[in-house]
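Chemist: Going by this note's numbering, the sequence shown opens with residue 24, and the numbers climb by one from there.
Quick reminder that beta carbons are idealized off the backbone N, C-alpha and C, glycines included.
All figures in this text were calculated on a predicted structure; none of them were measured in a lab.
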Amino acid sequence: MSDLTRQQFGNYRLIRLLGQGGFADTYLGEQIYLRTYAAMKIVQTQLAQDDQGTFFREAQTIAYLRHPNIVRLLDFGVESSRNIPYLVMDYAPNGTLRQRHSRGEVLPVSRVVPYVKQIAAALQYAHDHKVIHRDVKPENMLVGAENEILLADFGIAVVESSRIQTQSTIAGTMNYMAPEQIRGKPIPASDQYALAVVVYEWLCGRPPFTGSYTEMAIQHECGTPPPLRERVATIPTEVEQVVLTALAKDSQQRFKDVQTFAYALEQASNMGSSPSLNPSLADSQMDIPTVHMPYTSPAQGSAGSSQVSAEQAAQTAYGPQPVDERGSPSSASAGSIPVPPPPPPDPRNPHTPPPLVHESFEPRTTPQFTHPLNTPQHAPVQDSAQGSYTSPQGSSAAPPPLPGQARSTSSASFGSSHRRRPSGRLLLLLGAIVIVLLILGGSFFAYTTFYPPTPGGQAKTTAQAYASATATARQDIYRQATSGTPIISDALSTPDNYGWSHYQDQTGYCTFVDGTYHSRAQVGYIGNCYASATNFTDFAYQVEVTIISGTTGGIWFRNASSANYDAYYFYIHTDGRYDFLKETLNAQQTYDATSLAGGTSPTIRRGLNQPNLVAAVARGSTFYFYVNKQYVTIATDNSYKSGAIGVSANSTDTSGSEASFRNLQVWQL
Numbered sequence: 024m025s026d027l028t029r030q031q032f033g034n035y036r037l038i039r040l041l042g043q044g045g046f047a048d049t050y051l052g053e054q055i056y057l058r059t060y061a062a063m064k065i066v067q068t069q070l071a072q073d074d075q076g077t078f079f080r081e082a083q084t085i086a087y088l089r090h091p092n093i094v095r096l097l098d099f100g101v102e103s104s105r106n107i108p109y110l111v112m113d114y115a116p117n118g119t120l121r122q123r124h125s126r127g128e129v130l131p132v133s134r135v136v137p138y139v140k141q142i143a144a145a146l147q148y149a150h151d152h153k154v155i156h157r158d159v160k161p162e163n164m165l166v167g168a169e170n171e172i173l174l175a176d177f178g179i180a181v182v183e184s185s186r187i188q189t190q191s192t193i194a195g196t197m198n199y200m201a202p203e204q205i206r207g208k209p210i211p212a213s214d215q216y217a218l219a220v221v222v223y224e225w226l227c228g229r230p231p232f233t234g235s236y237t238e239m240a241i242q243h244e245c246g247t248p249p250p251l252r253e254r255v256a257t258i259p260t261e262v263e264q265v266v267l268t269a270l271a272k273d274s275q276q277r278f279k280d281v282q283t284f285a286y287a288l289e290q291a292s293n294m295g296s297s298p299s300l301n302p303s304l305a306d307s308q309m310d311i312p313t314v315h316m317p318y319t320s321p322a323q324g325s326a327g328s329s330q331v332s333a334e335q336a337a338q339t340a341y342g343p344q345p346v347d348e349r350g351s352p353s354s355a356s357a358g359s360i361p362v363p364p365p366p367p368p369d370p371r372n373p374h375t376p377p378p379l380v381h382e383s384f385e386p387r388t389t390p391q392f393t394h395p396l397n398t399p400q401h402a403p404v405q406d407s408a409q410g411s412y413t414s415p416q417g418s419s420a421a422p423p424p425l426p427g428q429a430r431s432t433s434s435a436s437f438g439s440s441h442r443r444r445p446s447g448r449l450l451l452l453l454g455a456i457v458i459v460l461l462i463l464g465g466s467f468f469a470y471t472t473f474y475p476p477t478p479g480g481q482a483k484t485t486a487q488a489y490a491s492a493t494a495t496a497r498q499d500i501y502r503q504a505t506s507g508t509p510i511i512s513d514a515l516s517t518p519d520n521y522g523w524s525h526y527q528d529q530t531g532y533c534t535f536v537d538g539t540y541h542s543r544a545q546v547g548y549i550g551n552c553y554a555s556a557t558n559f560t561d562f563a564y565q566v567e568v569t570i571i572s573g574t575t576g577g578i579w580f581r582n583a584s585s586a587n588y589d590a591y592y593f594y595i596h597t598d599g600r601y602d603f604l605k606e607t608l609n610a611q612q613t614y615d616a617t618s619l620a621g622g623t624s625p626t627i628r629r630g631l632n633q634p635n636l637v638a639a640v641a642r643g644s645t646f647y648f649y650v651n652k653q654y655v656t657i658a659t660d661n662s663y664k665s666g667a668i669g670v671s672a673n674s675t676d677t678s679g680s681e682a683s684f685r686n687l688q689v690w691q692l
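(1) Write down the C-beta distance between Ala514 and Tyr564 rounded to the nearest angstrom, noting that I regard them as a contact closer than 8 Å.
(2) Taking C-alpha atoms, which residue in Glu171, Asn651, Glu567 and Val66 lies nearest to Leu687?
(3) Whose CA, out of Asn551, Thr557, Ala610 and Thr560, lies closest to the CA of Tyr594?
(4) I need the DSSP call for Gln691, collapsed to helix, strand or coil.
(5) Measuring straight from C-alpha to C-alpha, what distance separates Asn520 and Gln141?
(6) Where does Val536 land, buried or exposed, given buried means 16+ other C-beta within 10 angstroms?
(7) Looking only at its own chain, which residues have a Cβ that is under 6 Å from the Cβ of Gln691, when we skip the five neighbours before and after it?
(8) State yes or no: is the C-beta of Arg628 within less than 8 Å of the C-beta of Tyr540?
(9) Below 8 Å between beta carbons: does that hold for Tyr223 and Val266?
(10) So, are the CB atoms of Asn92 and Ala145 less than 8 Å apart?
(11) Give the C-beta separation of Gln653 and Thr569 to the nearest angstrom, bearing in mind that I take them to be a contact with Cβ-Cβ under 8 Å.
(12) Quick one: what's got a C-beta closer than 6 Å to Asn301's C-beta in the same chain, skipping five residues either side?
(13) Hey, out of Glu263, Thr237 and Ile241, whose CA is closest to Pro249's CA?
(14) Sorted by chain position, which residues of the same chain lie with C-beta nearer than 7 Å to Ser512's C-beta, five sequence neighbours on each side aside?
(15) Just the Cα atoms here: how many angstroms apart are Leu270 and Ile571?
(16) Would DSSP call Ser411 helix, strand or coil?
(17) Out of curiosity, what's the CA-to-CA distance linking Tyr35 and Gly52?
(18) For the alpha helix (DSSP H) containing Thr597, name the first residue and the last one.
(19) Give me the Cα-Cα distance between Pro343 and Pro209, rounded to the nearest whole angstrom.
(20) From which residue to which residue does the beta strand (DSSP E) around Met63 run?
(21) If we count the other Cβ atoms within 10 Å of its Cβ and call it buried at 16 or more, is Thr471 buried or exposed?
(22) For Asn686, name the three-state secondary structure that DSSP assigns.
(23) Look up Arg121 in the DSSP assignment and say whether it is helix, strand or coil.
(24) Classify Pro518 as buried or exposed, calling it buried when 16 or more other Cβ atoms lie within 10 Å of its own Cβ.
(25) Under 8 Å: do the stretch 590-609 and the stretch 656-666 share three or more Cβ pairs, one atom per stretch?
(26) Is the beta carbon of Ile500 closer than 8 Å to that of Val650?
(27) Let me confirm a value: Arg502 is counted as buried when at least 16 other C-beta atoms fall within 10 Å, else exposed. Which label applies?
(28) Whose C-beta lies closer than 7 Å to the C-beta of Asp660 among residues of the same chain, with five residues either side of it excluded?
(29) Who are the near neighbours of Val655 in its chain, counting only those whose CB is closer than 7 Å to its CB and skipping five residues on each side?
(30) Just the Cα atoms here: how many angstroms apart are Asp273 and Ala201?
(31) Please state if the CB of Gln527 and the CB of Gln545 are separated by a distance shorter than 8 Å.
(32) Three-state secondary structure (DSSP) at Lys208?
(33) For Tyr56, count the other beta carbons within 10 Å of its own beta carbon; 16 or more makes it buried, fewer makes it exposed. Which is it?
(34) May I ask you to report which of helix, strand or coil DSSP gives Gln756?
(35) Here's the rule: buried if 16 or more other CB atoms are within 10 angstroms of the residue's CB, otherwise exposed. What is Leu218?
(36) Grab me the residues of Gly538's own chain with a C-beta within less than 6 Å of its C-beta, minus the 5 sequence neighbours each way, in chain order.
Shown next, in the form of structure tokens:
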């Protein structure tokens, strides 16, 4: 976007560019009548006429976020001549926590805890008002006039919900992104994960995962964070356990909410012994941020900042500041417009902020602290589909909801906890999954009622490109998972040591016929044949399936008990359809089938006696399916963790079904 300095948006004149980003440019704005100053986000995309109503409604919702640790949205509008939306926010004069604590700096626990309590209080308040902050990182943590910590840019949720993003917009920062957010399904627990990454980085000087964009996505998806005490031995074990719990892959294994995470961290810091601090890491004002580099007020330009590197000077509280050819931050307006002094502290801010966690606050579940490598012992968070998010006892009173604004939310649960690190061969297993970040989104996500996007040529092109890129990424997962040496390679021509079922009765049979393994299901039955000597958790499993009669055949896996057929089932049909089901034995000793995915795929060879190579890649609670080595679908569920593999024919017609199976392979991940 071109420089808009000196132009007017609403009642504000743009004085000076503060920072630039892929979503918006930020300016110091002056209220032309009151002569007060604010930070102004000028969005880089025009807002369609049909979306302006949504923009205004969502802005009203975000404007209700009034909390001592949130940078408030003061005003908003659309510049009429160009249809450019803008957001007006409080101006925080003292920089960011990234500026105060540069990359690589190690902070003592006693300094981290006050930061976390303030940020968690802001996030909890936002979550209670149905807003998810998808970009929690030190760059978005501002320092206010009273040294309070302020979470920035909640106003961007307004624009995201107005559906005005382009394909190039990335929703979040990969260093801090939760696995479910990488998959395009952020939930409130995603913010807890991001805050835990920030805490991890502060405590040991490095984030848990580093590398290229793709490598970090892989590690967030399936890597185990190195224990903090391996990097800084003086960190209390209890603190380490709290941080690793909040970093769980499975969102349900994290703390029930972000406020509980902050409470647990504070309690753990009190339980652990206080290690002696290196003088370079502590001073007499332990709880007051220490400035390690000069900070130039946005209103003062770059004068007097010669001691700071160009990279540091370019990092303002509102994003990267443009750097000119000489390596110095540019200031287009320095010589042409009188530069105003820094704005005084906002008189509406209390001189002493109120306590962020009242003494009466107690989490519904207090985590038990165990060794970091053990499974977390606290009660898992309840899926939001079963209950609503409510403010913790003693939290700030919420403003009244807008008409029609629901109090409860629903969200999907993604991700899983892993006890071991992936092998080097599989490091790039999920690499290309980062393509799913090309979802519609800015830095935040408001999960209130959305209007559908306006159809058009550009939207259709973007959707097609997204679908193609995502399918390519998931295709690479199959290639990586099946690239090594399989631990089982079974032609299924004769009985072997894997314990394959062998029976025949009125329901059907499982047996070897003419050098292939057959499953027959009489009408109304399922012919489940399984290898009783197998037991897998994360794996790639494929077998050639040929439907000889009837309509349906496929594979099943993670059957944990020989007493029932509780497991996951993936079926293909002779008409080109597929289904992914979860079978569960109920109290009436019949089976409930829950559909987890389904559809039609051109990769499935249709008709009888057509061989189809069916494959499943299972990692934690995420499953990828392929037919004839081509990606078909993805699904998530965390009901069954491990168990035996099998094959199946399913009869729903009047003649029964029979399928043959051969050339089975399994790779352990």
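Modeler: According to the structure data:
(1) Actually they are not in contact, since the Cβ atoms of Ala514 and Tyr564 sit about 15 Å apart, beyond 8 Å.
(2) The shortest C-alpha separation from Leu687 is found at Glu567.
(3) Ranking Asn551, Thr557, Ala610 and Thr560 by Cα distance to Tyr594 puts Asn551 first.
(4) Of the three classes helix, strand and coil, the one that applies to Gln691 here is strand, per DSSP.
(5) Answer to the nearest angstrom: the Cα atoms are 59 Å apart.
(6) In summary, Val536 is exposed, with fewer than 16 beta-carbon neighbours lying within 10 Å of its beta-carbon over all protein chains present.
(7) Ile510 and Phe562, listed in sequence order.
(8) Contact flag unset, no.
(9) Result yes, Cβ atoms of Tyr223 and Val266 sit closer than 8 Å.
(10) Yes, the pair counts as a contact, with Cβ atoms nearer than the cut-off.
(11) 18 Å between Cβ atoms; not a contact.
(12) Here Asn301 scores only 35 on pLDDT, less than 50, and its place in the model should not be relied on; the value that follows carries that caveat. Excluding five sequence positions before and after Asn301, none of the CB atoms of its chain fall closer than 6 Å to its own CB.
(13) Of the residues Glu263, Thr237 and Ile241, the one whose Cα lies closest to the Cα of Pro249 is Glu263.
(14) Excluding the 5 residues flanking it on each side, Ser512 has same chain C-beta neighbours closer than 7 Å at Gln688, in chain order.
(15) Taking the Cα positions, Leu270 is about 48 Å away from Ile571.
(16) The pLDDT assigned to Ser411 is 36, lower than 50, so where the model puts this residue is not dependable, and the model offers no usable value.
(17) Roughly 6 Å between the two C-alpha positions.
(18) Neither: Thr597 is in no alpha helix (DSSP H) and is coded neither H nor E.
(19) Caution applies to Pro343, whose pLDDT of 49 falls short of 50 and renders its modelled position unreliable; the value that the coordinates give is listed next. Between Pro343 and Pro209, the alpha-carbon positions lie close to 25 Å from each other.
(20) First-last of the beta strand (DSSP E) with Met63: Tyr60 to Val66.
(21) Residue placement at Thr471 cannot be trusted, given a pLDDT of 38 that sits under 50; what the coordinates show is reported in the next sentence. Label assigned to Thr471: buried.
(22) Three-state DSSP puts Asn686 in a strand.
(23) Three-state DSSP puts Arg121 in a helix.
(24) Here Pro518 is exposed, its C-beta having fewer than 16 other C-beta atoms within 10 Å.
(25) The stretch 590-609, when compared against the stretch 656-666, does touch it at the 8 Å Cβ threshold.
(26) Going by C-beta atoms, Val650 is not nearer than 8 Å to Ile500.
(27) That one is exposed.
(28) Excluding positions up to five away in sequence, the list reads Lys605, Leu619 and Ser644.
(29) Around Val655: Tyr601, Ser624, Thr626, Phe648 and Tyr649.
(30) Asp273 and Ala201 have their C-alpha atoms some 9 Å from each other.
(31) Cβ atoms of Gln545 and Gln527: not closer than 8 Å.
(32) Three-state result, Lys208: coil.
(33) By the neighbour-count rule (16 or more Cβ atoms within 10 Å), Tyr56 is not buried but exposed.
(34) No statement about residue 756 is possible, as the shown extent of the chain runs from 24 to 692 and does not include it.
(35) Leu218 is buried by the Cβ-count criterion.
(36) Close CB contacts of Gly538 within its chain, under the 6 Å cut and outside five residues either way in sequence, are with Ser516 (chain order).
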